[in-house]
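J.:
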Amino acid sequence: MKKSLLFAAAISALAPTASPAQNRAPQVERLRDAALNGDNHAWDIVEGLTTEVGPRLAGTEAEARAREWSVRKLRSLGFSNVRIEEFDMPVWVRGEEKGQILAPFLQPLALTALGNSGATPASGIEAEVVAFSSMAELQAAPAERIRGKIVFVTHRMQKTQDGSSYGYFGAVRRLGPSVASQKGAAAIVIRSIGTDSHRMPHTGVQQWQAGVTPIPAAALSNPDADNLERIFERGRPVRMRLLLTPRQIGTRKSGNVIAEVPGRDPKAGIVLVGGHLDSWDLGTGAIDDGAGVAITAAAAKRVMDAGRPRRTIRVVWFGAEEVGILGGNDYARRHGTELHAAAAESDFGADRIWRVDFGLPEQAKAVTDRVEAALSPLGIARGTAVARGGPDLGPLVAAGAPAITLQQDGTDYFDLHHTPDDTLDKIDREDLRQNVAAYTAFLSIVANAPENWGHNAPQR
Ligand code: ZN
Ligand code: ZN
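Going by the working numbering, the first residue of the sequence shown is number 11, and it counts up by one from there.
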């Protein structure tokens, strides 16, 4: 009791001096705690999307169905100006995928094609395998070692709470196929960019660098990569058979789904929250990124129902993030010059938020201090990084829009990421509510803040 009184005294000593915003602080707390204790909107959205739509690969008919579903859902929740902003994109679809080690020991492989993978002939290919322990080793290897062979890069991703290891280990997926092709490889298989030990390969996008010929490119599950490493330790030539028949099917439509809570003061700017609607095709896109669209829309719904905010809240469910941030680019192209007071994207699963980073200009310092104070009781600490706001917001933030990042704990995110195992049962309802509570507090404060501020200087 004594401890909590002291804690309350410490909080009020830190609180900003009296302002209209402070008068609304009890409302922020009420909204936050109502979300924490009983939000069902987010669960309802992610349960509905994963059950009634399921996988929604960018540019496919499934993603179009997801957009139609989303428009109906957002309208039924009471949002205004619900619409789709379409754009064209090249579309790649998965085909058959099979692999086997032929020699020295016959073994089946659990593998999956990487995005934009080339295809083998319908009869498959067979070749000797050459193994590399890292991207650097592949880059340093002479082409004579690689020409005509199947390249295997085994580089086990490590867990980090902030997910930063994805940048380092992900290079094998993003660049490995191009480097292998440039050196004349027949195909490439990589150890999955994932931290689990299940027989689930992790897909993900890779782009062929300019002038590079597409080759078959796949990821092995971690246990399959372990097994292949042990086979290599026997010191005998290794041969593999691969059958991958993905296709580029030409230009199709994708789109961003947008919904708004119109603000009272059109000059005060927009607060953008969202996630991406598309998913990989293997799972049902629950943690990536059904959770993100659900969390952010649920928070916007809660703030909307509490009364018309000063600023317009814009909910954006981006299309075609997985294959190259196409929705984020289209949004910035259309809306980059509109005043955004803040932008935040949830695209890192549904585990608890533990850190908040800000990228707002100095004039908004009192506002970010209030957000920090409202998030503290949820176990969220202020970080020191400059917020980038999420993958789809990259182009908008580069144009100067201020970002906030509410960072989920990503320790286990890459156990499931881009696998068939990304399904609804992996979402914990209490953790999901903590996410909604954090977004609700942030949105309520920033959308109603009486202070004004502008964009940051554009980058580049
Ligand atoms: Zn994502
Ligand atoms: Zn993803």
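Here a beta-carbon is modelled for each residue, glycine too, at the ideal position from N, C-alpha and C. Since the model is a prediction, treat every value here as computed from it, not as a measurement.
Give the range of the beta strand (DSSP E) segment to which residue 202 is assigned.
T.: Taken as a continuous stretch (DSSP letters only), residue 202 belongs to no beta strand (DSSP E), as it is neither H nor E.
J.: For ligand 2, enumerate in chain order all residues having a CB closer than 6 Å to any of its heavy atoms.
T.: 298, 332, 428
J.: I need the DSSP call for residue 355, collapsed to helix, strand or coil.
T.: strand
J.: Please identify the residue among 85, 206, 358 whose C-alpha is closest to the C-alpha of residue 300.
T.: Ranking 85, 206, 358 by Cα distance to residue 300 puts 358 first.
J.: Pick helix, strand or coil for residue 126, following the three-state DSSP scheme.
T.: coil
J.: Is it right to say residue 285 is buried, meaning 16 or more other beta carbons lie within 10 angstroms of its own, or is it exposed?
T.: buried
J.: CB of residue 286 to nearest heavy atom of ligand 1: below 7 Å?
T.: yes
J.: Apart from the five residues just before and just after residue 467, which ones in its own chain have a Cβ nearer than 7 Å to its Cβ?
T.: The answer, listed in chain order, is 410.
J.: Would the beta-carbon of residue 422 be found less than 7 Å away from any heavy atom of ligand 1?
T.: No, Cβ of residue 422 sits at least 7 Å from all heavy atoms of ligand 1.
J.: To the nearest angstrom, how far is it from the Cα of residue 392 to the Cα of residue 427?
T.: 26 Å
J.: Around the C-beta of residue 178, are 16 or more other C-beta atoms found within 10 angstroms, so that it is buried, or is it exposed?
T.: exposed
J.: Taking DSSP as the reference, what is the three-state secondary structure of residue 277?
T.: helix
J.: Just reading off the alpha helix (DSSP H) that residue 222 is part of, what are its end residues?
T.: Per DSSP, residue 222 is not a residue of any alpha helix (DSSP H), being assigned neither H nor E.
J.: When we look at the beta-carbon of residue 275 and count the other beta-carbons within 10 Å, is it buried (16 or more) or exposed?
T.: exposed
J.: Beta carbon of residue 475: closer than 7 Å to some heavy atom of ligand 1?
T.: Residue 475 lies beyond the range of the chain shown here (11 to 470); nothing can be said about it.
J.: So if DSSP puts residue 98 in a beta bridge, which residue, or which two residues, is it bridged to?
T.: 263
J.: If we count the other Cβ atoms within 10 Å of its Cβ and call it buried at 16 or more, is residue 453 buried or exposed?
T.: buried
J.: Do residue 136 and residue 159 have their CB atoms nearer than 8 Å?
T.: It is not a contact, given that the beta carbons lie outside the stated cut-off.
J.: Kindly indicate which three-state DSSP category residue 53 falls into: helix, strand or coil?
T.: helix
J.: Just grab the DSSP bridge partners of residue 368 for me.
T.: 396, 414
J.: Classify residue 150 as buried or exposed, calling it buried when 16 or more other Cβ atoms lie within 10 Å of its own Cβ.
T.: exposed
J.: Tell me whether residue 248 sits in a helix, a strand or coil according to DSSP, three-state version.
T.: coil
J.: What do you get for residue 33, buried or exposed, if any count of 16 or more other CB atoms within 10 angstroms of its CB means buried?
T.: With a pLDDT of 47 at residue 33, under the threshold of 50, the modelled position of this residue cannot be trusted, and the question is left open.
J.: Within a Cβ cutoff of 8 Å, which residues of the same chain sit near residue 247, ignoring the five residues on either side of it in sequence?
T.: Annotation for residue 247: 113, 114, 138 place their beta carbon closer than 8 Å to its own, counting only its chain and skipping 5 residues before and after.
J.: For residue 149, report the span of its alpha helix (DSSP H) as first-last.
T.: For residue 149, the enclosing alpha helix (DSSP H) begins and ends at 145-150.
J.: CA-CA distance, residue 167 and residue 191?
T.: 23 Å
J.: Determine contact between the stretch 394-414 and the stretch 311-325, defined as no fewer than three beta-carbon pairs at a distance below 8 Å.
T.: Too few Cβ pairs lie closer than 8 Å, so no.
J.: Considering residue 334, what are the terminal residues of the beta strand (DSSP E) in which it resides?
T.: Counting along the chain, residue 334 sits inside no beta strand (DSSP E), nor does DSSP assign it H or E at all.
J.: Taking the alpha-carbon positions, what's the residue 293 to residue 461 distance?
T.: 43 Å
J.: Taking residue 449 as the reference, which of 305, 370, 465 has the closest Cα?
T.: 305
J.: Would residue 342 and residue 288 be called neighbours here (beta carbons separated by less than 8 Å)?
T.: no
J.: Could you check whether residue 400 and residue 354 sit closer than 8 Å to each other, using their CB atoms as the reference points?
T.: Between residue 354 and residue 400, the gap from beta carbon to beta carbon is short of 8 Å.
J.: Thinking C-alpha only, which one of 345, 118, 465, 336 is nearest residue 374?
T.: 465
J.: What's the gap between the Cα of residue 215 and the Cα of residue 35?
T.: 43 Å
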